[in-house]
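Line order of the protein sequences matches chains R and Y. Position one of the first sequence corresponds to residue 0 (numbering that gives the first Met the number 0), numbered consecutively onward. Position one of the second sequence corresponds to residue 0 (numbering that gives the first Met the number 0), numbered consecutively onward. Below is one structure, written out as structure tokens; comments come after it.
Number of protein chains: 2
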Amino acid sequence: MIETKFNINTNEYLPLRDVVFNTLRDAILTGKLLPGERLMENQLADKLGVSRTPVREALRMLELENLVELVPRKGAQVLDMSEKDIVDILEVRSALEGLATSLACKKMKREDLQKLKAMEADFEQAVSERNVERFVEIDEEFHDAIFESTENVKLIQMFRNLRIQLYRYRMAHAKQDSVMTTIVAHHRSIIRAIENRDSEEGSTVAHSHIKFQTESILRMMHEKQ
Amino acid sequence: MIETKFNINTNEYLPLRDVVFNTLRDAILTGKLLPGERLMENQLADKLGVSRTPVREALRMLELENLVELVPRKGAQVLDMSEKDIVDILEVRSALEGLATSLACKKMKREDLQKLKAMEADFEQAVSERNVERFVEIDEEFHDAIFESTENVKLIQMFRNLRIQLYRYRMAHAKQDSVMTTIVAHHRSIIRAIENRDSEEGSTVAHSHIKFQTESILRMMHEKQ
DNA sequence: GTAAGAAATATTGTATACTGTATTGACATT
DNA sequence: AATGTCAATACAGTATACAATATTTCTTAC
């Protein structure tokens, strides 16, 4: 990488607690740590080659992200999610997505809208290649762009929190037949609403988008069993 | 309080980190700790008579509640809130309140609705006594009851998080002339919507309720300066 | 063999000690 | 006086030590 005159990236330092936090979060989200699994401070500290202090702080952070449960004097364990939890989360997400999309209709800059439209082609390519991983990646970018355009820090923050909790289900969901095609269609409607600066329409479409996602995730969960 | 045969309240133990957390949160919310103020671990530990460990953990928790800002290797300080932050929070709250009220229209139990209606009299009494403190207290109960009725844990949790951040402004806001009367009127509309099981109406009224609150808080802030 | 209870162990809670970095202030240089 | 340098200090980051409690294992009584 070419260095600029003034080194921007002066901040290569990350406290161990953040390293541990990221490591554990990744492990939980990718299923390396399973729901219900106990997380013992000493064991984690040894495995990660650090002391208990940063591990403890990381666990506190994971608790507030709702990824682990902390019982005083008992310890931590990876939180399991019931079907109801997922429905609850998606219900809230629907409200946030509605707000975000309606705000995007009002506030999104033309150049950002262009980027959104450019994603359409990427989506279609991913679909035709049946590249679920890539698809999910672009999907994340797509929704992120919408929330970013609202310039509402709090809204963005809450959305990210919800998304992390659904992370474990995002792949399996998109793998289902015809789901990707439907999602692409929804996204097109969302883009059109933003183009037309039609907040009402944007909100409505966003709601039905998440409604579809909810149904699709539930269908998947029922099939799995 | 009368003790039951089996002591329910077996859990009198609270980790120090939670004690410190509560203490600091209270201090911030009641203005004993002012925005911008530095929070030094040693100093706090001394003052509270504990070691640095629980203080550090409490600070991490306060960070995730967005009450303090933590800069690595610099320390913590009480977060200041700009007008934009408040507007952002209220924008999100409006979406959540809309969702909650519309769900309440569908799901609230008859007996809980009765409780809500019973609050009307309390509100009116507080207004006639010009008892702002009491008014704010009932107001909190009122909205809490609505969110509780949704039975959506995630929604309740996010609502509480937002409310804490607005806590500092809730009194000053209600103190303004005629604000309390308007709020009571809004609440009546909300109750009516729930009674009629009219989700659409509930959502609309909730939105306008928060819109009013936003305008009123902003007006207050501008007058203060 | 099972249940109750006590000892042993494991684990979290808390305090303290140590390390490294950022800040501050004194002093020197210009 | 303004600026730069270095030492002193204060502070957060991390590790470790100790205390308290939960869990497990092992007896012992029946």
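Note that beta-carbon positions come from the ideal geometry of N, C-alpha and C, so glycine has one too. Here the structure is a predicted model, which is why all the values come from computation and not from measurement.
Beta-carbon proximity of residue i to residue j, cut-off 9 Å
i: Leu-217(R); j: Glu-82(R); result: yes
i: Arg-94(R); j: Leu-98(Y); result: The sequence as given places Ala at residue 94(R); Arg does not occur at that position. Their beta carbons are under 9 Å apart, which means Ala-94(R) touches Leu-98(Y) by this criterion.
i: His-186(R); j: Phe-141(R); result: yes
i: Pro-71(Y); j: Leu-61(R); result: no
i: Asn-160(R); j: Glu-90(Y); result: no
i: Ile-182(Y); j: Phe-122(Y); result: yes
i: Leu-235(Y); j: Leu-32(Y); result: Past the boundaries of the shown model lies residue 235(Y); chain Y is included only from 0 to 224, so the question cannot be answered.
i: Leu-47(R); j: Val-19(R); result: yes
i: Leu-15(R); j: Gly-74(R); result: no
i: Met-157(Y); j: Met-157(R); result: yes
i: Ile-85(R); j: Thr-203(R); result: no
i: Met-219(R); j: Tyr-168(R); result: yes
i: Gly-201(R); j: Ile-193(R); result: yes
i: Ala-144(R); j: Met-118(R); result: yes
i: Tyr-166(Y); j: Leu-43(Y); result: no
Boundaries of the alpha helix (DSSP H) in which residue i is found, first to last residue
i: Gln-42(R); result: 40–47
i: Glu-68(R); result: Counting along the chain, Glu-68(R) falls outside any alpha helix (DSSP H), though it belongs to the beta strand (DSSP E) covering 67–70.
i: Pro-53(R); result: 51–63
i: Lys-174(R); result: 152–174
i: Gly-97(R); result: 82–106
i: Glu-194(R); result: 178–194
i: Lys-114(R); result: 109–127
i: Leu-15(R); result: 15–28
i: Asp-197(Y); result: It is not in any alpha helix (DSSP H) - Asp-197(Y) carries neither H nor E in the DSSP assignment.
i: Thr-147(R); result: Note that residue 147(R) is Glu in the sequence shown here, rather than Thr. 131–149 is the span of the alpha helix (DSSP H), which, as asked, contains Glu-147(R).
Contacts that residue i makes with chain R (C-beta to C-beta distance below 7 Å)
i: Met-157(Y); result: Val-91 and Met-157
i: Leu-165(Y); result: Simply none; closest approach about 11 Å.
Within chain Y, the residues that residue i reaches when beta carbons sit closer than 9 Å
i: Tyr-168(R); result: Under the 9 Å cutoff, chain Y gives no residues; its nearest Cβ is about 15 Å from Tyr-168(R).
i: Pro-71(R); result: Asn-10, Tyr-12, Leu-13, Pro-14 and Asp-17
i: Glu-56(R); result: Arg-55, Glu-56 and Arg-59
i: Ala-192(R); result: Within 9 Å Cβ-Cβ: nothing; Ala-192(R) doesn't reach chain Y, min ~17 Å.
i: Ala-75(R); result: Result: empty, since nearest Cβ-Cβ is about 13 Å, beyond 9 Å.
i: Ala-173(R); result: The premise fails here: Ala-173(R) is roughly 22 Å from chain Y at the closest Cβ pair, so nothing lies under 9 Å.
Residue i Cβ short of 8 Å to the ligand ADP heavy atom set
i: Arg-129(Y); result: Of ligands this structure carries none, so the ligand ADP is not represented either.
Residue i: contacting residues in chain Y (beta-carbon distance under 7 Å)
i: Asn-41(R); result: Simply none; closest approach about 16 Å.
i: Leu-28(R); result: Those within 7 Å of Leu-28(R) in chain Y number zero; the least Cβ separation is about 18 Å.
Endpoints, the beta strand (DSSP E) within which residue i is located
i: Gln-76(Y); result: 74–77
Contact list for residue i against chain R, beta-carbon separation under 8 Å
i: Asp-87(Y); result: Asn-151, Val-152, Lys-153 and Leu-154
i: Asn-205(Y); result: Here residue 205(Y) turns out to be Ala, not Asn, going by the sequence shown. Per Cβ cutoff of 8 Å: no residues; Ala-205(Y) is ~11 Å from chain R at best.
i: Ala-184(Y); result: Here the premise fails: no neighbours, minimum Cβ distance about 25 Å.
i: Leu-78(Y); result: By Cβ distance, chain R contributes nothing, its closest Cβ being about 12 Å from Leu-78(Y), past 8 Å.
Partner residues on chain R for residue i, Cβ-Cβ distance less than 9 Å
i: Leu-38(Y); result: Result: empty, since nearest Cβ-Cβ is about 16 Å, beyond 9 Å.
i: Ala-44(Y); result: Near Ala-44(Y) there are no residues of chain R at all, since even the closest Cβ is about 15 Å away, more than 9 Å.
Interfacial residues, the region 98–127 of chain R to chain Y, with Cβ spacing under 7 Å
Leu-98
Residues in the region 125–149 of chain R having any Cβ partner in chain Y nearer than 7 Å
none
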